[in-house]
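Residue numbers (UniProt numbering), protein chains in the order written: chain A, 1 to 572; chain B, 1 to 441.
A quick write-up on the structure given underneath.
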Amino acid sequence: MSLAFTQAPARRWRMPGTTGQIALALGLAAFLLAFLLVPVGSVIYVAFTEKGTGGFTLINFADFFRTDLFMRSFWNSFYVSAMTVVLASLFALPLAYITTRFEFRGALIIQTLGFVPLIMPPFVGAVAMQLLFGRNGSVNLLLNEYLGFRIPFMEGLNGVIFVQAIHYFPFILINLSTALRNIDRSMEEAAQNLGSSGMRMFRRIVLPLAMPGYVAGASLVFVKVFDDLATPLLLNVKDMLAPQAYLRVTSIGLTDPMGYVIAVVLIVVSVLAMWVSALALRGRDYATTQRGGGGLAKRTMRPWEQVVAYGVVGLILALVLAPHLGLLLLSFATIWSFSPLPDGFTLAHYSRVFGESSVYIKNTLIYASIAGLIDVVVGTAIAYLVLRTKLIARHWLDWAATAALAVPGVVLGIGYLRTFYDIRMPDGTPLATMWIVLVIALAIRRLPYALRACYAALQQISVSLEEAAENLGATKPRTVRRIVVPLMMGGILAGFVTSFATAAVELSATLMLVQSNADAPLAYGLYVFMQSAAGRGPGAALGVIAVVLVAACTLISQYIIDRNQKTTGAAR
Amino acid sequence: MIRSAALAATLALASFTAIPAALAQSGKVTVVTSFSKDVTDPIKAAFEKANPGVMLDVQNRNTNAGVKYLDETRSNPQTDLFWASAPDAFEVLKSKQLLQKFTPTAEGIPDKIGAYPINDPDGYYFGFAASGYGIMWNTRYVGANELPEPKEWGDLAAAPYYDHVAIASPARSGTTHLTIETILQGEGWDKGWQTIKDMAGNFQTITDRSFGVPEAVNSGQVGYGIVIDFFAFSAQGSGFPVKFVYPTVTTVVPANVGIVANAPNAENAQKFVNFLLSPAGQEVLLEPSIRRLPVNPAVYAKAPEGYPNPFTDARFKAMTMFDVEKSGKRTAVVDTLFDQLISFQLDDLKSVTKSIHEVEATLAAKDNPQARALVKEARALIGAVPVNEEQASGQEVLAAFSGGKEKGARQAEIEQQWASFAKDNYAKAKAKVAEAAKLAN
């Protein structure tokens, strides 16, 4: 039954590429150079300089390997990332499978809700999670009162794994679901004709064909967790690499090389992880969309299956959405301190927030949309160049863009200030103070998400469709516009949604680059509220608004994807 | 007739002079601050009311990020004021020539609060509100766990407090750094570190931002927090079940404001400083959501009952003299020591502290002098510091922490030495305690 895995057919593109492709590659390289490599380089070159002379040296890397703390941090980060992928897969697989393979009422809502954990507003999210799962959170207070024990959900490395898996499993869910939807029904029909069904078909046909989506999601989760500093910091776990880099850069200062040494290590590991995941998929062809239609046949469940399915889905959703429930409670709470539920409820926080935060909301929508748009355009272009051309060094575009994942936001922020502050606009204001720079910073930070989604989508499209179009006389740009992009639409939208949603709650780069309240996005507003006792309620209210807003946008895109699938399905 | 002519002339004159004045008043002023919205909003409203036409734009950054931001943007500043708590940060800005001199018009502000000078003697920054450091706790948490109420720093080292205390890392929080420095200056280098490490053995968590501590105490995740007073007062003002105490070894330090060098709206920036120090500006500090101690003694007449007044309360007079220069010089060393000896070794430190508490409980029931001696040795091992006070501000160590400028030992090397010093000592202490436990039983 190795039908699905035909060896990659010999492709026509043997020459380096057309002029248009070369121009596109150069344009992308210039974009990445200007907005990622140069700014980051302007900060992290310190990692390679010798103290005192400023000459080139690798001694700082030797220091890294000689320091117990850093080595401990390295292995902790590695362990946490790997275990998070495992736990996140446990959350994502059932949700993706049940909602795409079966006639399941509310599949659209579950797909959206399953996505919501990704939108965890900074600071308030942490407070809400502590209030529910913390040592004296609702769950543990109740457990302790009635059963006399506590569960350390939020303590140590296991706490980090728990929270990270809840937070990032949507990466796997969204990419896997898209991949499952893109599988050609004919594959499944062929398998059925040959007598395969049930779990066997899932294991041998469906899952392998959806592999690009799963690997895209899993590698993103791994790298994101490896590079994430917010969650370990909120749990006060410091012996992991990303928090170490952040703490050093922000507390010891810009001249200390070790922070950047760690940043370089993070970047290298991230790129390596992406390379390994590409290796895992190499030599196999996942393209199944040969007739321009897709989607597995949805089966109706038997009653007992339905019970099990709803049970599983309900359980997972309850767990992963608990932080948001906590956030909602917090936004209505008067005082909530050392008790399972708040003392009382009020609407006052919302009324305080509504007046002053419309500007934040507007800015967030504008910034995150533009950033998401830049990301899918650049992501599609890079995916196309890497997968469909033989241009020399095309993989470097992919790796450079991926490295953005490992650059701490604060390093990017400072790099932007250094690179763009002395470029003056005609009226004398520095370029770095324009809001568009903030948007580009967000786009660069979120580019890897969109890139992986676009990449996986393109991997699933058979090159024969393009060849057919070209044989019929279509030019290459026309082929891309009329054939490739429409077929990739699901993946592109998935990429847009991920970039958009996560950019909307991004904080670290934002904090460095925001120049005035009038230009500030929601995350900054949250930060400002969450610095005081009286601001906790309004901050939570603002957080709820952010989540609802982003979730609504997600629902709309999901709806579009769904409708798109139906129309292409019907056209067949 | 003459009178009305004079009046008309005065009015004409007034309107003449009023026009340029009004023009000068228009515009905005941008302030970089670490203060929360609850502090800045009421002050912004009051300032804009007192200076019609001037708009105050607030940029919120934490203190360290704010300093870095001013440094990175020095070629063409877009901000006018820096407004934050930690006097250290202002010392750094002053030494980097990022502030400009100014003489405020305000009257009635004394030179000192407690033992601390309110304003920079060179006129680069000005204290506008005072704050003291102390211990806050969640009364529900303390009640439910039947825990005591602390009075002194040393109390936090006692057995009942084990795993109930939170602090922010001094490397990350300017205010905690001052707390640590206050203990070191008040009790002396060696005794101070012993106190700090005895306390640290009871820490549940070390947060990476100042507000993380009051947040954890407010929500009842930890019982006690080492914080600056207004965090506790404003939490009380918002209705949280918390209490606060100033220990004897503490200090009242001013929160400051300074004008950025080459500020684009320098004139409006001066207006803001003058407003902040005027009685009208000082009174805003008394609002429940702000609750800071004004530096103008006259303003306390309007304060609510029970409001701490550092100018009349005898406790504040007795508080430690704080040496800013000394503190500024060894900032990086003290912070790194704290992180390497405590933050990154917290598990080991806590485990040996727990054993000590257990042995001491056994010894309290049935004394054993030999075991007591061992415990004492263990405590001394825990309290030991790899550098003495002279070395801490000596050239050798400072050069390693100065970044890329001078050749010499690298910071990472020294850190590794300190970390293994602490690790070894905690392991030795643990062995001694285990021995003591055998003897005691």
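From the three backbone atoms N, C-alpha and C, an ideal C-beta is built for every residue, glycine too.
Residues of chain A with a Cβ closer than 8 Å to the Cβ of R172 of chain B are, in chain order, L247, T250, S251. For S420 of chain B and T176 of chain B, the gap between their C-alpha atoms comes out near 25 Å. In this structure, the CA atom of K68 of chain B is about 45 Å from the CA atom of T19 of chain A. The residue from B:R379, B:V299, B:S393, B:K428 with its alpha-carbon nearest to that of E107 of chain B is B:V299.
Annotated three-state conformation of P264 of chain B is coil, per DSSP.
Among the CB atoms of chain A, none fall inside 7 Å of the CB of S327 of chain B. In this structure, the CA atom of A520 of chain A is about 19 Å from the CA atom of T73 of chain B. Along the length of the segment 225-267 of chain A, whole beta strand (DSSP E) runs at least 3 residues long do not occur.
Annotation: the continuous beta strand (DSSP E) that includes K28 of chain B extends over 27-33.
Annotated as proximal: N182 of chain A and Q460 of chain A, with beta-carbon spacing under 7 Å. Annotation: Cβ neighbours of V528 of chain A in chain B (cutoff 9 Å, chain order): S36, K37, T40, V58, N60.
The Cβ of G27 of chain B sits no closer than 7 Å to any Cβ of chain A. In the DSSP assignment, K101 of chain B falls outside any beta strand (DSSP E) and carries neither an H nor an E.
Three or more beta-carbon pairs separated by less than 8 Å link the segment 521-538 of chain A to the segment 28-41 of chain B, which places the two stretches in contact. The CB of K362 of chain A never comes closer than 7 Å to any CB in chain B; the least such distance is about 18 Å. Using a 10 angstroms sphere on the CB of P214 of chain B, the tally of other CB atoms reaches 16 or more, which defines it as buried. Note that the C-beta distance between L286 of chain B and A303 of chain B is below 7 Å. Nearest CB-CB separation between T510 of chain A and chain B: not below the 7 Å threshold.
Taking 7 Å as the CB threshold, I370 of chain A stays off the interface with chain B.
When 8 Å is used as the limit between beta carbons, F421 of chain B is near no residue of chain A, the shortest such separation being about 12 Å. For M240 of chain A, the closest Cβ of chain B is not nearer than 7 Å. A straight line joining the alpha-carbon of A245 of chain A with that of A263 of chain A spans about 6 Å. With the rule of 3 Cβ pairs closer than 8 Å, the segment 403-422 of chain A counts as touching the segment 219-233 of chain A. Taken atom to atom, the span from the alpha-carbon of G495 of chain A to that of C454 of chain A is near 7 Å. The Cβ of S219 of chain B sits closer than 7 Å to at least one Cβ of chain A. Identification of chain A residues near P160 of chain B by a Cβ-Cβ cut-off of 7 Å yields none; the smallest Cβ-Cβ distance measures about 17 Å. Close partners of G306 of chain B in chain A (Cβ separation under 8 Å) are lacking, with about 19 Å as the shortest Cβ gap.
DSSP, read as helix, strand or coil, puts M129 of chain A in helix. For a Cβ distance threshold of 8 Å, nothing in chain B lies close to Q460 of chain A: the least Cβ distance comes to about 42 Å.
Within the same chain, V54, M55, L56 come within 7 Å of E48 of chain B by CB-CB distance, once the 5 residues on both sides are set aside. Taking 7 Å as the cut-off, the beta carbon of A92 of chain A is found closer than this to the beta carbon of F169 of chain A.
Annotation: E325 of chain B to D256 of chain A spans about 23 Å, alpha carbon to alpha carbon. As computed with DSSP, V54 of chain B is found in a beta bridge with B:G27. In summary, the residues of the segment 134-159 of chain B whose CB is separated from some CB of chain A by less than 8 Å are N138, R140, Y141, A144, in the order they occur in the chain. In this structure, the beta-carbon distance from P310 of chain B to A130 of chain B falls below 7 Å. Judged by beta-carbon spacing, Y224 of chain B lies beyond the 7 Å limit of T179 of chain B, meaning their Cβ atoms are not closer than that value.
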